[in-house]
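Down below is the structure, laid out as C-alpha cells.
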Amino acid sequence: MTSIGTGYDLGNSIFSPDGRNFQVEYAAKAVENGGTSIGIRCKDGVVLAVEKIITSKLLKPGANKRIATVDKHMGVVYSGMVPDGRQFIDRARDEARSWRDTFKTPIPTADLASRMGGYLQAYTLYQQVRPFGITAIVGGFDSELELPVDGQVGSGPSCGAGGKDSTKKHGGPFLYMIEPSGLYWGYYGAATGKGRQAAKAELEKLDFSEEGISLEQAVKEAARIIYVAHDDSKDKEFELEMSWISGADGPTKGRHMEVPKELREEAERLAKKAVADDDSDEEEEKEGEKMEE
Amino acid sequence: MDHRPQAWGRPRDDVYGAYDGSYLNHGGPKNATQSPVVTGTSVIALKFKDGVVMAADNLASYGSLARFTDVKRLHTFHNTTILGYGGDVSDMQFLSRLILQIELHQDYELEQLPDIKAQRGQEVMQANNLFTFLKKQMYHCRNHFDPLWNQILIAGFDDERKPFLSSVDLRGTSFSAPSLATGFGAALAQPIMRKYADTEEQAAKLTREEAVEIVKECMKVLFYRDARSLDRYSIAVVTKDGIDLKENEQLEKQSWAFAERIKGYGTQTV
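Top to bottom, those sequences are chains H and R.
Numbered according to the numbering used here, the first sequence spans residues 52 to 344.
Numbered according to the numbering used here, the second sequence spans residues 1351 to 1620.
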C-alpha cells in the first residue's frame, strides 16, 4: 500500500497527486470482505441472491433477511457493511415513495439506480463523512403494461390524442450495480463481495439473450453460482437467500418476492450436487495425472 | 415596465390601475371543503356464509350531471379486503393513495417477520385492522374541520377469520351490520337486504349465489329510483380464497313497467 503515510488517504475530498480518492478505494475493500451477492437479468425477470454468512450459531435460521423490497416491483441486495446497507435501503424506499408522491406511478429501476448513485457519490465529496462500505445490486421489473396512475378511478376518453407509439416496447427487467464511488452500470449479470471473481466467471457462461435462460433456470443458476463462489476453507456455514421478480404474466405477477421455499430447496439441492460433481471430477483428473507419472 | 415574475401576465398598473386583490382576503375563518364536488352514489354490501359481497355503480356525478361513467369505486387491499367508496371522488383518490403506502409499508415489515408471514400468509393486516385505521383517519380529519367527504364500506375477514363488514363516514362514525348501504342505498336497498338477512345468523345461512342475487336485485332498484345512478356497476365477492372483482357489469332484466303507475309529479297533468 503505497498510499499509507502519504496523508492523501485520511479523508474524502482530497485527491492524491495521481488522481485517486483513497477513502473510496478503502470502502471498496470493505465490500470485498462481505458475503457474495449476485443478480441475474434474464429475458423474463430478475433474480437476486446472497451468500449470508452465519456469524454465530445463536442466530435464528431464516431470520435477519439481507434482500429487501424497495417498491412492489423492486429489490435490493448488497455486499459489505450491513448497517450501511440498511441505510441504503431506507433511502431507496424514501426515493421510491417520493417518486410516487410526485408522479403517482412506480419508480422505474433506472431512475432509482440514478438517484441512489447520486446519493452514494455525495458521500465521496466531504471531509465530514465516509463513503458507503457496500456495493448494492438493484433489480426491478418496470411494467410492460399500461399502468393506471396511483388513485386513478376511470380510464378517460376512449378516443382523442394519445401520443403513444404502440409499436414501441416499454418496461421489462432491469439490473443495476452501484459501487461505493457512486458509479453504476446496468448489467445482465452482476456479482460483488468475497466470491465475485468466481461468480463473474460463472455468470459469463450464461446465455442472456431472448432465446436464453428462463427465470426459473436463472434461479437455479443463481443458487449454483453462490455455492461455487462460496469458500469452504474460510467460512463454514452460510444461508442462501434468493428473491425474484417476473413480469405481470410470470410467477410473481410483477412483484419482488422471496423465491418460494420448494423452488429454493430444489435449486439448493441441484447446486450442492453440481458442486460435489465438480469436486470429484477434479480429484479424478488429479488421480489421472498421478497415474501417468 | 415591471419585470418581476409576480407581475407577469398581469394588466399593467400604469395603464389599468393597481390590481384589486381584495376579493382574496375575505377576512373570515379558513374554509376547508364545505361540500363534495364530484360524487359517487350508493355502495351496498351483504354478508353471507363464507364471505361478503359488495357492489357500487361506475358513475361519478358532478352535481346532477352524469360526468364520468367508468369510475371504479370498489378498491382492493392486498387480496383480502374490499373498500367501497361513496361520496367525493377526489377524497377517495387521496385515501386510495394513502392505503397504497400502507400496503407497501406492510410488505417492508413482513420481510423481517418470516414466521408471521408463514403463519398468516402474505397479509397480516386484516379488514378489521384497516377499518380501525380508516376510522381514525376520518375522525382525525373531521377534528381538523377538513373532513374527507366519504362514506366507506370495508369488507373482508377479521382476526378470527370470520366475515367482516363495517362502515365509516366523514365524521368518523362507524358501525357494523350483516348488511350495509351508503347514501340512497340506506333507504332503498337496506330494507331489501334486511328482508333476507336481518341478523348475523340469517346472513350466515345465505349462500354466495343467493347473496350475489340479492345485491344485484338491490342495484336494479337503486337504478330505478336513484337519479344519480348508472346501469353499469362493479361487484366484488371476498372469500377466504381471495377477491373476485368484476368492474364492468351491466344491469340485466330491467323492467320499467312500474313507472306507468307512478303519478303525482313531473309533466303529468292528470
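Positions of the beta carbon are idealized from the N, C-alpha and C atoms, including for glycine.
Fair warning: this is a prediction, and the values are worked out from it, not measured in the lab.
Other residues of its chain near residue i: CB distance less than 8 Å, five sequence neighbours each side excluded
{"i": "H/Val326", "result": "Arg275, Tyr278 and Val279"}
{"i": "R/Thr1426", "result": "Ile1432, Leu1433, Ala1586, Ile1593 and Leu1595"}
{"i": "R/Ser1584", "result": "Ala1405, Ala1406, Asp1407, Asn1408, Lys1422, Arg1423, Leu1424, Leu1595, Lys1596, Glu1597, Asn1598 and Glu1599"}
{"i": "H/Asp162", "result": "Trp150"}
{"i": "H/Pro68", "result": "Tyr59"}
{"i": "R/Leu1580", "result": "Asp1407, Asn1408, Leu1409, Ala1416, Thr1419 and Phe1573"}
Between the CA atoms of residue j and residue i - distance to the nearest angstrom
{"i": "R/Leu1460", "j": "H/Lys111", "result": "16 Å"}
{"i": "R/Asn1479", "j": "R/Leu1515", "result": "12 Å"}
{"i": "H/Val128", "j": "R/Thr1589", "result": "36 Å"}
{"i": "R/Ser1446", "j": "R/Ala1382", "result": "20 Å"}
{"i": "H/Gly246", "j": "R/Asn1429", "result": "40 Å"}
{"i": "H/Ile229", "j": "H/Ala187", "result": "5 Å"}
{"i": "H/Gly244", "j": "H/Val82", "result": "6 Å"}
{"i": "H/Gln172", "j": "H/Phe259", "result": "30 Å"}
{"i": "R/Pro1355", "j": "R/Ala1477", "result": "51 Å"}
{"i": "H/Lys116", "j": "H/Phe139", "result": "15 Å"}
{"i": "H/Asp283", "j": "R/Val1518", "result": "59 Å"}
{"i": "H/Glu344", "j": "H/Asp329", "result": "Confidence at H/Glu344 is low in this model, with a pLDDT of 49, below 50, so the placement of that residue is unreliable and no value is reported for it."}
{"i": "H/Gly263", "j": "H/Tyr238", "result": "15 Å"}
{"i": "R/Asp1457", "j": "H/Tyr235", "result": "27 Å"}
{"i": "H/Ser331", "j": "H/Lys324", "result": "11 Å"}
{"i": "R/Lys1603", "j": "H/Ile296", "result": "45 Å"}
{"i": "H/Pro13", "j": "H/Lys103", "result": "Past the boundaries of the shown model lies residue 13 of chain H; chain H is included only from 52 to 344, so the question cannot be answered."}
{"i": "R/Ser1414", "j": "H/Glu261", "result": "54 Å"}
{"i": "R/Val1571", "j": "R/Ile1564", "result": "11 Å"}
{"i": "R/Ile1452", "j": "R/Trp1606", "result": "45 Å"}
Contact with chain R by residue i, beta-carbon distance below 7 Å
{"i": "H/Asp201", "result": "yes"}
{"i": "H/Gly233", "result": "no"}
{"i": "H/Ser206", "result": "yes"}
{"i": "H/Glu344", "result": "Confidence at H/Glu344 is low in this model, with a pLDDT of 49, below 50, so its placement is unreliable and the value that follows should be read with caution. No, H/Glu344 does not count as interfacial toward chain R."}
{"i": "H/Glu197", "result": "no"}
Proximity test, Cβ basis, 7 Å: residue i and chain H
{"i": "R/Phe1427", "result": "no"}
{"i": "R/Phe1573", "result": "no"}
{"i": "R/Glu1563", "result": "no"}
{"i": "R/Asp1457", "result": "yes"}
{"i": "R/Leu1520", "result": "no"}
{"i": "R/Lys1603", "result": "no"}
{"i": "R/Ser1446", "result": "yes"}
{"i": "R/Lys1485", "result": "no"}
{"i": "R/Phe1418", "result": "yes"}
Chain H residues whose Cβ lies nearer than 7 Å to that of residue i
{"i": "R/Gln1540", "result": "By Cβ distance, chain H contributes nothing, its closest Cβ being about 25 Å from R/Gln1540, past 7 Å."}
{"i": "R/Glu1461", "result": "Lys116, Ala119 and Thr120"}
{"i": "R/Leu1450", "result": "Asp201"}
{"i": "R/Gln1443", "result": "Gly202 and Val204"}
Limits of the unbroken alpha helix (DSSP H) element including residue i
{"i": "R/Phe1481", "result": "Ala1477 to Asn1493"}
{"i": "R/Met1442", "result": "Val1439 to Glu1461"}
{"i": "R/Leu1374", "result": "No alpha helix (DSSP H) holds R/Leu1374; DSSP gives it neither H nor E."}
{"i": "H/Val279", "result": "Leu266 to Ala280"}
{"i": "R/Arg1621", "result": "Look at the range of chain R in this structure, 1351 to 1620, and you will see that residue 1621 of chain R is not part of it."}
Cutoff 7 Å; reference residue i; Cβ partners in own chain excluding five residues on either side
{"i": "H/Ile65", "result": "Tyr59"}
{"i": "R/Leu1556", "result": "Phe1398, Lys1399, Tyr1546 and Ala1547"}
{"i": "H/Gln178", "result": "Gly62, Asn63 and Ser64"}
{"i": "H/Thr160", "result": "Met125, Val189, Gly191, Asp193, Phe225 and Tyr227"}
{"i": "H/Leu314", "result": "Val270"}
{"i": "H/Asn72", "result": "Asn63, Phe66 and Thr175"}
Opening and closing residue of the beta strand (DSSP E) in which residue i lies
{"i": "H/His307", "result": "His307 to Glu309"}
{"i": "H/Ala187", "result": "Ile185 to Asp193"}
{"i": "H/Trp150", "result": "That residue, H/Trp150, is in no beta strand (DSSP E); its alpha helix (DSSP H) goes Val133 to Phe154."}
{"i": "R/Asp1509", "result": "Looking at the DSSP string, R/Asp1509 is not in any beta strand (DSSP E), and its letter there is neither H nor E."}
{"i": "H/Leu99", "result": "Gly96 to Ile104"}
{"i": "R/Ala1416", "result": "Leu1415 to Phe1418"}
{"i": "H/Arg181", "result": "Counting along the chain, H/Arg181 falls outside any beta strand (DSSP E), and DSSP gives it neither H nor E."}
Same chain, Cβ closer than 6 Å to residue i, neighbours up to 5 away in sequence not counted
{"i": "R/Pro1528", "result": "Lys1397, Ala1547, Glu1550 and Ala1553"}
{"i": "H/Ala269", "result": "Ile91, Cys93 and Val98"}
{"i": "R/Asp1420", "result": "Asn1408"}
{"i": "H/Gly233", "result": "Gly168, Leu171 and Gln172"}
{"i": "R/Val1403", "result": "Leu1396, Ala1561, Val1562, Val1565 and Val1587"}
Chain H residues whose Cβ lies nearer than 9 Å to that of residue i
{"i": "R/Leu1454", "result": "Thr120, Asp122, Lys123, Arg144, Ala147, Arg148 and Arg151"}
Contacts that residue i makes with chain H (C-beta to C-beta distance below 8 Å)
{"i": "R/Lys1422", "result": "Val204 and Gly205"}
{"i": "R/Val1439", "result": "Val204"}
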